[in-house]
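A.B. asks:
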Amino acid sequence: MVSARQRDEIDKLYKTSRWRKLRPVVIARDFGLCQECKRRGIITKGTIVHHKIEARDDLNLFWNEENLELACAACHNKEHPERSGGTKKPKRKVNVVKFYATNER
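Numbering (my numbering), first residue to last: 9 to 113.
Here you go:
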């Protein structure tokens with residue numbers, strides 16, 4: 009049996025009044041819909057405010073609304089399989105393609 013991970017200082021941030029005020033702002037902004045399902049053309053109620061970049065990876069982004077999105081339980085569990093006894097997903101590398109304008113006409 010896999011035991012739950014040890015709770016730490018970051019977990020305490022979810023109990024602050026600042027988080028309790030920020031959470032409904034994100035839910036309203038995302039119209040109560042899971043953003044990952046929405047990207048796939050599926051309408052699903054979101055219930056979890058998810059950090060796109062995990063708080064443990066960059067605590068500076070914990071309160072950043074741009075780093076938060078609403079997720080349904082299924083999508084959130086896919087992002088965090090380690091929480092249900094699976095193994096942690098490898099970090100995704102973001103490929104950036106840059107386009108440069110030329111002076112040609």
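Even for Gly, the Cβ is constructed at its ideal location relative to N, Cα and C.
Evaluate E36 with the Cβ neighbour count: other Cβ atoms within 10 Å of its Cβ, from every protein chain shown; 16 or more gives buried, anything less gives exposed.
C.D. replies: Residue 36 sits at position 28 when you count from the first residue of the sequence shown. According to the sequence as given, residue 36 is Ala; it is not Glu. A36 is exposed by the Cβ-count criterion.
A.B. asks: When we look at the beta-carbon of L76 and count the other beta-carbons within 10 Å, is it buried (16 or more) or exposed?
C.D. replies: Start at 1 with the first residue of the sequence shown, and residue 76 comes out as number 68. It is buried - the Cβ of L76 has at least 16 other Cβ atoms within 10 Å.
A.B. asks: Among T24, A79 and R48, whose alpha-carbon lies nearest the alpha-carbon of K60?
C.D. replies: Your numbering for residue 60 matches position 52 in the sequence shown. Nearest option by C-alpha distance: A79.
A.B. asks: At 4 residues or longer, and completely inside the region 16 to 85: list those alpha helix (DSSP H) runs for me, N to C.
C.D. replies: If we require 4 residues or more, the alpha helix (DSSP H) runs fully inside the region 16 to 85 come out as 17 to 21, 25 to 37 and 43 to 47.
A.B. asks: Could you give the C-beta distance for R31 and W71, rounded to a whole number, given that I count them as a contact under 8 Å?
C.D. replies: Numbered from its first residue, the sequence shown carries residue 31 at position 23. Numbered from its first residue, the sequence shown carries residue 71 at position 63. R31 to W71, Cβ: 11 Å. No contact.
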